[in-house]
Structure formats: structure tokens, C-alpha cells
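Protein chains in written order, with the numbering used here: chain Y, 258 to 505; chain X, 168 to 254.
Beta carbons are placed, not taken as given, at the ideal position from N, Cα and C, and that holds for glycine.
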């Protein structure tokens, strides 16, 4: 009895979730390798190989966080690096023929939900009861408008990722169909199963370069920049601190 | 007589849904294109005025283009939904 239930549960979970678990597992293995290499590394020598990549990544994200958000938020460099690597891998795993996790709305929705909670928790933490002032912003009659515009960052960020992944997949399917039909028409003298494979290999890689790689890079960058700007708006500005910003 | 011919070929509801999908993507994509043209025009003019701020202006331009692209892609999503759901 239990065995049939488990089988039907495994069948009903959409495939994108399994791909998401695979992506997280790949990142986990990479992190373990970096961890064990860092323990044995000599801090006075120049890093090589994987350690060089890890060091470039950490300095890039720490610098980005310090430039956009100031000294309050030093610890968030690690979080943004994890989110950026997961998002980039989740978009580009479509190149291997596997369904991209961003094509299932719950995945980009949860990423945007984390940012949504960070924005409001930062606001509560720095303003305490002044948090409720945001609903009465210019005048009290603006309350319904402010209640609705609270959800705008959540919906726009999740829709941006989801629609880019979905639209890219739909357009690539259409273009594969067109290339198969064109190849079938040009090589009409070959048997039916064999004549559709000649045009796609030359053109598909350039299309994937735009729809998968370029789109992944730009969407990751936009998600990071928007998250950082929204969160930094809730904290007091840099001039109120007497510390000068330091970038490594 | 033309309407009888059309009636036998395709349901009026499907035809109207097709017009809706076409309008959605046409107006959405067109407005997105106008916006991105303005972004790039101002960006290039800014670089021409001050070539040292090249990379900062380029970052701002790409961020602006991605935000603009979002509304264009919202309209593409609606057009795809209309075609596949309102057969």
C-alpha cells in the first residue's frame, strides 16, 4: 500500500523540482571541494584553479554589496552569491535538454518571496513602529494604493524570471519545429525520418546563446541589483554612520 | 456570403481570440521598443558627452533595458495564454 503511494507521489511532482535538486547538489559538491582545498591552502601564495574562481566570486559579490548597500549589510554578500549561482545554473541547464526549474512558477516565486520578506524585516528592524508609516505615505487616503503597491516588487520580480524562461522555451520549440520543417522540405529525397536533422545543428547554438546564456546573465544581474536597491532603501543612509566605506 | 464561408472554416470565438492575441503582442512589443530606443539614445548621448563614465552608463542602460523588456514579456505571456486556453 505504502509503495503505490510513494510511486504516485514521485510521479506527480513536476520534473522541474528534480532538476532543481540536481542543481543544488552540484553547487553543494563544488562548495565541498572549495572547502577542503581552502583548509590546505597557504594564505601567502597566489591561489590557482578552483580557489582562484572562488576568490574572484567572493570579492566581486562583496564589492557589489558594499557599493550598493553600504556598511550595514556586509554579511549579505554570501547570500547573494548563492542566489546568483543557483539562478544562473537553473536558467542554463536548459542547454542540456532538461526542463529549466524557472519554468515552474513556484521556484521564481519563492526567490522573490525571500527578497520580499527581507525588505519588510529590514524596515521593521530599522524603524520599529515607524514601519506602519509607509502605508500613510503622502496622505492617509492613499492607504488602498499603498496596500496594493506593497506586492508590486514580489509580482514583478517573480514574473520577470518566469516569463523569460517560459517565453524562451516556447520560442525555441517553435524554431526547432520550423527548422525541422525547412530541413524536411530541402532534403525531400531522403527517407521521412532522416531528412529533418540537417539544418538545426548549425543554427540552434546561436539561438541558445541569446535565449539561454545572455538571458540568464541579464536576469540574474537585474534580480540582484533590484533586491539590493529595495533592501538598502529601508535602512538609514550612509551619511548617518561615521565609518568610511571600504572596498577590498 | 463571406460570413457564411468564414463560419464554416473557423468559429467566430476563435477568430476573436486570435485578434486579441495579435493586439496584445503588437501593442505590448511596440511600446517596449519605443521605450528601449529612448533608453539607448540617452545612454549613447551620455557616453558621448563624458567618455570616462562609460562602464557606469552601460550598466545603467542594461538595467533599464531589462526592466523595459519585462512589460514586453508580460504581453507575450498573455498572448500565449490566449492562444492556448481560449481555443
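Comparing alpha carbon positions, the residue from Y:383, Y:318 and Y:479 closest to residue 417 (chain Y) is Y:479. Here DSSP, grouped into helix, strand and coil, assigns residue 445 (chain Y) to coil. Annotation: the stretch 309-352 of chain Y contains no complete segment of the beta strand (DSSP E) (minimum length 3 residues). No Cβ of chain X is located within less than 8 Å of the beta carbon of residue 415 (chain Y). Interface residue (Cβ-Cβ distance to chain X less than 8 Å): residue 482 (chain Y) is classified as such. Contact of residue 475 (chain Y) with chain X is assigned, a C-beta pair being separated by under 8 Å. Residue 476 (chain Y) counts as buried, since no fewer than 16 other beta carbons sit within 10 angstroms of its beta carbon. Note that the C-beta distance between residue 469 (chain Y) and residue 348 (chain Y) is below 8 Å. Under the three-state reduction of DSSP output, residue 196 (chain X) falls in the helix class.
Counting the other Cβ atoms within 10 Å of the Cβ of residue 239 (chain X) gives 16 or more, which makes it buried. Residue 369 (chain Y) and residue 342 (chain Y) have their C-alpha atoms spaced approximately 15 Å apart.
When secondary structure is reduced to three states using DSSP, residue 202 (chain X) falls in the helix class. It is roughly 39 Å from the alpha-carbon of residue 400 (chain Y) to the alpha-carbon of residue 277 (chain Y).
Against residue 224 (chain X), chain Y offers no close residue; the least beta-carbon distance is about 15 Å (beta-carbon pairs closer than 9 Å). In the three-state reduction of the DSSP assignment, residue 403 (chain Y) falls in the helix class, which pools H, G and I. Not a single CB atom of chain Y sits nearer than 8 Å to the CB of residue 190 (chain X). In this structure residue 461 (chain Y) does not touch residue 244 (chain X) by the C-beta definition: roughly 24 Å separates them, more than the 8 Å allowed. A residue is called buried when at least 16 other Cβ atoms come within 10 angstroms of its Cβ; residue 383 (chain Y) does not meet this threshold and is exposed.
Of the residues assessed, residue 201 (chain X) falls on the exposed side of the cut-off, its CB having fewer than 16 other CB atoms within 10 angstroms. Residue 311 (chain Y) places its beta carbon 8 Å or farther from that of residue 357 (chain Y). Distances from the alpha-carbon of residue 292 (chain Y) to those of Y:308, Y:272 and Y:301 put Y:308 closest. CA-to-CA, the gap between residue 336 (chain Y) and residue 488 (chain Y) works out to about 13 Å.
A distance below 7 Å between beta-carbons, with the five flanking residues on each side excluded, links residue 453 (chain Y) to the following residues of its chain, in chain order: 437, 440 and 441. Just so you know, the alpha carbons of residue 415 (chain Y) and residue 473 (chain Y) end up roughly 14 Å apart. Counting only unbroken stretches of 4 or more residues, the alpha helix (DSSP H) elements lying wholly within the stretch 382-443 of chain Y are 400-406 and 409-443, in sequence order.
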